[in-house]
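Okay, structure first, notes after.
Protein chains: 2
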Amino acid sequence: MSQRSNIRDVSALAGVSIKTVSRVLNDHPYVSKTTRKKVEDAIKELDFRPSVAARILAGINSSQIALIYDNHSPYYIDQIQSGCWQRCHEAGVRLLGQPVDVADPDVGDQVRGLVSETHVDGIVLSSPVTDCDPVLRALEGLGIPFVRISPGTNHAMTSSVFMDDAQAADDMTTHLINLGHRRIAFVKGHPNHMASDERLFGYRRALDRAGLPFDPRWIADGAFDFDSGFLACQMFLALPERPTAVFASNDDMAAGVQAAAHQAGLDLPNDLSVAGFDDTTLARMVWPPLTTIRQPTFELARTATELLLTGQTLVHRRLQHELIERDSVAPLPAHKTATNNPLDRPST
Amino acid sequence: MSQRSNIRDVSALAGVSIKTVSRVLNDHPYVSKTTRKKVEDAIKELDFRPSVAARILAGINSSQIALIYDNHSPYYIDQIQSGCWQRCHEAGVRLLGQPVDVADPDVGDQVRGLVSETHVDGIVLSSPVTDCDPVLRALEGLGIPFVRISPGTNHAMTSSVFMDDAQAADDMTTHLINLGHRRIAFVKGHPNHMASDERLFGYRRALDRAGLPFDPRWIADGAFDFDSGFLACQMFLALPERPTAVFASNDDMAAGVQAAAHQAGLDLPNDLSVAGFDDTTLARMVWPPLTTIRQPTFELARTATELLLTGQTLVHRRLQHELIERDSVAPLPAHKTATNNPLDRPST
DNA sequence: TCGATCTTATAAACCGATTGATCTGTCAAG
DNA sequence: CTTGACAGATCAATCGGTTTATAAGATCGA
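These protein sequence lines are chains A and B, in that order.
No gaps in the numbering here: position 307 of the first sequence is 307 in this note's numbering, and each next residue is one more.
No gaps in the numbering here: position 253 of the second sequence is 1253 in this note's numbering, and each next residue is one more.
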C-alpha cells in the first residue's frame, strides 16, 4: 500500500527543514548543491509528488491551463490539441481539454465555473469560442490571462495567433481562375466562425480582380461538416448553369462535395474541380486527394500556448498558409472554356 | 473586480454557520427547507463556487475523473471523448482528457503523477492503454478505481465494456464470402491493440468454416492509420494473384486501401471490394462509402463512464455491433468466380 | 411533562503545501 | 577582527473547505 507521502516525510528523511524542501521544489535561492541533492534523493525514494491542490490553496500557480473548444471537425481539433499539449508537456504544465457548446445559453457560467473550480492559470480559446461574447465577458471579469487562436473580433483584447484567411481564399480562387475556371461555386463555413466571412471575402476579392461576376446562386451555406458540403453540391448540380469548380471552405465540406459529385456519376476531377481548406489528414484520405490550403493548425496552437505560458499578453502573430496542389483540381478542358451555354452539361 | 467569495462570506450573508453551508453543499441531512433556501440564495447572490482544491485537501472527492488514451484515429477518439464527456456532464463531474504514449518508457510514472497530483476519483482507460502493463501496475498500486474500454487482457482486473471483435470480423468476412469472394485479403491493426488479434482471428475462423484456404500473402501488417492501409493495398496489387476484396480492420486503413486502388486506376467497387471496421464518420466521407462494422464507440465510452461513476467495479458489458452495408463492397462478377488463374487481372 | 429526535451554532483540528519573520551559523572579503 | 552575504532551522499563519465534538433550542409523541 503506497501511502501518500507529504513534504514533512521528505524533510524528515532528508534531515532538513520543511522550508528547505519547499525551496528546492520551487527553485528558490539559498540552497547549497549538497542539500539540494539530499532533498532530491529523499523525494525520489519516497516517490513524493506535491499535491497541486495544496499548492493552489497556498496561492501559487496551479501549473494547469485549459483549452476550450467547440468544433465539429475532429481532425482540426486533434491538431489543435496536439499543438497545445506538446508545448504544455515541455513546460511541465497540465492541459485540461474542455469542450463546450457556444450556443448554450450558459456557456459563460460554465467557463466561470471551470476557472474558479480548477484554478487554471490561463486559457487557450479556439475558434469559434474566440468570438463567443459570454465567454469573453466571463474571462475578462475573472481577470485571467487568455490567448486566442484565429479570433475574428475584438483583436485588441488579447494575444492571438492566426492566419490570413482572406488572402488564402483569394489565393485558391485565383488558382482556380488561372486554370481556366470561370464558374466557381463557393461553400460557406459555419456562421459562428469569423473565418467563414473572411474566406468568403477572399473569394469575392479574387473574382472581382479577375473581372468575373459574383453570382449568389453559386454560394451555398455550410457548417464546416461533411453533410453541408454534400447538400451544397447537390444544389449546385441542380442548377441550369453548373459550376465547373467548387471551392469548399474546409476539407470536411469538400469531402461532402466530392461524395455528392461521385454519387451524381461525375468523373472527378475532370467533370468538377473541388478545392478544400485546412489540409487536415482528411485531405489525403478522400478521392481524389484534395487540393487545399494548408492551415498551420498545429503551429497555431503551439504558438498560442507559448504566448500564454510566457505571459505575452498582447502580441499578435500571423502564421503563413500554403496552397497544396493534389489531384482534386484540374484545368478546365478547352471545349468548356469557349461556351457559356446555360444548358451546358458536364458530360453527355 | 469580482473578488472570489468563500464559504465564510456565504455563511455571513445567509446568517447561518459555516457548518450549515457545508451541509447544504454536500447534501447532508439535518437542514430545514427554509435554511437551505437562504443558503442557496446567498450562494447565488455571491456567485460562490467552492474551490475544488480546498475540498480535495479536506479529503473528499475531487469530482474529477480522467480519460487516458493513445490513439491514432481522431474520429474514434472524438467519439470516445464525447461519450465520456456526456455522462460526466450529467453527473456534474469534470473530465480531464490525458493523451499518453504507451511506448514511452515512463508512461507508468506519468500516470502515477497524474493521479497523485490531480487527485482524480477514477480513471477510464481506452485501448490500447487498457493493456499497457506499466499503466495497469501504476493504477493498481495507487488503489484507484478504473474501468476499461475494449481491454484485451487481464479481464478479471476491472470492469470493462467491449464488443465481440472476433464475431464482428467473422460476420464481415462471411458477408464477403456470401457475395462470391474467394480471395479476400486482410489488413491487420496496430500490434499493440488486442482487438487486432481478435479481428484477425474472426477473419480466419470465417475462412475456415467456408473451407477457404488461409494465404499469408494476403495478410498485411497495419497500424490503424491511413498510410498503412495505402501501403498494404499497393502490396496486394503487386501480387500475381490479386485479391478481389480487402477487409481492412479499421476505417482509416480502408480509406488508405481505397486511395491506393484509385491510384492504380481500379474502378471501385467493381474491381475491388473494400470493407472497413468501426463506422467512424470517415466511413461516409470516402468514395465509395464504406461497408463496415458499426462499433458502438460512443455507447462504449458512455457505459464505461457510467460504471466508474456508479462504483461498479467488476462488471463486464458487451455491446452489440452491426454490419453496415454501403457501396464499397460489390458481389463478385460471375466471370471472376469461375477462374482461379494466377495471372488473372482485375481489368483488361 | 419527559425524553427522543431534529435542527443549528460554536469552536477547533485538519488536509498539504507556501511564506514571512526571526534567528543561528559559516565563510570569505576587507 | 569585523562585516556581509549566504545557508538553513524554527515557528506560525494562511489558503478554503470538511469534520468532529459539544451544546442547546425547537418540535413532537407518549
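Glycine included, C-beta positions come from ideal geometry on N, C-alpha and C.
Euclidean distance between Cα positions of residue i and residue j
i: V16/A; j: D47/A; result: 17 Å
i: D344/A; j: L179/A; result: With a pLDDT of 42 at D344/A, under the threshold of 50, the modelled position of that residue is not reliable, and no figure is offered here.
i: L125/A; j: H72/A; result: 15 Å
i: R284/A; j: G211/A; result: 33 Å
i: K37/A; j: R87/A; result: 28 Å
i: T174/A; j: F224/A; result: 22 Å
i: S2/A; j: E1117/B; result: Any answer about S2/A is weak, because its pLDDT of 47 lies below 50 and its placement is not dependable; what the coordinates show is given next. S2/A and E1117/B: Cα-Cα distance of roughly 15 Å.
i: S328/A; j: L319/A; result: 25 Å
i: V39/A; j: Y30/A; result: 14 Å
i: D1251/B; j: F214/A; result: 40 Å
i: T348/A; j: R183/A; result: In this prediction, T348/A scores a pLDDT of 33, lower than 50, which makes its location untrustworthy; the coordinate-derived value is nonetheless stated afterwards. The straight-line gap from Cα to Cα measures roughly 19 Å.
i: L136/A; j: Y69/A; result: 13 Å
i: L314/A; j: G152/A; result: 16 Å
i: T337/A; j: I177/A; result: Because T337/A carries a pLDDT of 48, less than 50, the predicted location of this residue cannot be relied on, and the following value inherits that uncertainty. Going by the C-alpha atoms only, they are around 11 Å apart.
i: T281/A; j: T1280/B; result: 15 Å
i: A1264/B; j: Q312/A; result: 51 Å
i: P970/B; j: H262/A; result: Because chain B here runs from 1001 to 1348, residue 970/B falls outside it and cannot be looked at.
i: N341/A; j: T303/A; result: Model confidence at N341/A stands at a pLDDT of 43, short of 50, so the residue's coordinates are unreliable; what they give is reported in the following sentence. Approximately 50 Å between the Cα atoms of the pair.
i: D1278/B; j: S228/A; result: 23 Å
i: K33/A; j: S1063/B; result: 40 Å
i: I18/A; j: I7/A; result: 7 Å
i: H1028/B; j: T1035/B; result: 13 Å
i: S22/A; j: N61/A; result: 14 Å
i: L96/A; j: D165/A; result: 28 Å
i: E1322/B; j: N26/A; result: 55 Å
i: S11/A; j: V24/A; result: 11 Å
Contacts that residue i makes with chain A (C-beta to C-beta distance below 7 Å)
i: Y1075/B; result: P74
i: A1260/B; result: Under the 7 Å cutoff, chain A gives no residues; its nearest Cβ is about 10 Å from A1260/B.
i: D1078/B; result: P74
i: R1326/B; result: Near R1326/B there are no residues of chain A at all, since even the closest Cβ is about 11 Å away, more than 7 Å.
i: R1004/B; result: S116
Residues that residue i bridges to, as DSSP identifies them
i: I1273/B; result: Strictly speaking, residue 1273/B in this sequence is Ser, with Ile absent from that position. Its beta-bridge partners are A1245/B.
i: H316/A; result: S160/A
i: R148/A; result: L125/A and S160/A
i: R1294/B; result: D1278/B and E1322/B
i: Q263/A; result: Its beta-bridge partners do not exist; DSSP assigns none.
i: Y1069/B; result: P1099/B
i: V115/A; result: Its beta-bridge partners do not exist; DSSP assigns none.
i: F214/A; result: Paired residues: none, contrary to the question.
i: I184/A; result: A245/A
i: R1094/B; result: Q1064/B
i: I43/A; result: According to DSSP, which records beta bridges pairwise, I43/A is partnered with nothing at all.
i: I80/A; result: None; I80/A has no bridge partner.
Among the options, the one whose alpha carbon lies nearest that of residue i
i: P145/A; options: E322/A, L309/A, H321/A and V286/A; result: L309/A
i: R326/A; options: L307/A, L268/A and Q312/A; result: L268/A
i: A14/A; options: F277/A, E45/A, F162/A and N192/A; result: E45/A
i: V129/A; options: H119/A, R148/A, P289/A and S159/A; result: R148/A
i: V1187/B; options: R1205/B, L1207/B, G1211/B and I1219/B; result: I1219/B
i: G122/A; options: V107/A, D104/A, R94/A and R204/A; result: R94/A
i: S987/B; options: T1305/B, D1027/B and H1321/B; result: Outside the shown range of chain B (1001 to 1348) lies residue 987/B, about which nothing can therefore be said.
i: P1216/B; options: A1066/B, A1169/B, F1236/B and S1228/B; result: F1236/B
i: H1119/B; options: Q234/A, A330/A, R302/A and S51/A; result: S51/A
i: L207/A; options: A169/A, A195/A, P240/A and L239/A; result: A169/A
i: R1317/B; options: R1209/B, L1239/B, M1163/B and D1221/B; result: M1163/B
i: A156/A; options: E140/A, D165/A, I7/A and D171/A; result: E140/A
i: R4/A; options: A91/A, I43/A, T303/A and T20/A; result: I43/A
i: I1084/B; options: A91/A, Q81/A, Q98/A and D78/A; result: First, the amino acid is wrong: residue 1084/B is Cys here, not Ile. Among A91/A, Q81/A, Q98/A and D78/A, the Cα nearest to that of C1084/B belongs to Q98/A.
i: D9/A; options: H28/A, P134/A, R49/A and N26/A; result: R49/A
i: M253/A; options: Q64/A, A334/A, T292/A and D171/A; result: T292/A
Neighbour list for residue i in chain B, Cβ cutoff strictly below 7 Å
i: R49/A; result: G1113, S1116 and E1117
i: G97/A; result: G1097
i: A54/A; result: L1057
i: A255/A; result: M1285
Amino acids of chain A, ordered along the chain, whose beta-carbon sits closer than 8 Å to that of residue i
i: F1226/B; result: T281, R284 and M285
i: W1085/B; result: P99
Segment contact flag, the region 1243-1253 of chain B with the region 1266-1279 of chain B, C-beta cutoff 8 Å, min 3 pairs: yes
Segment contact, 8 Å Cβ cut-off, at least three pairs: the region 1050-1059 of chain B with the region 47-60 of chain A: yes
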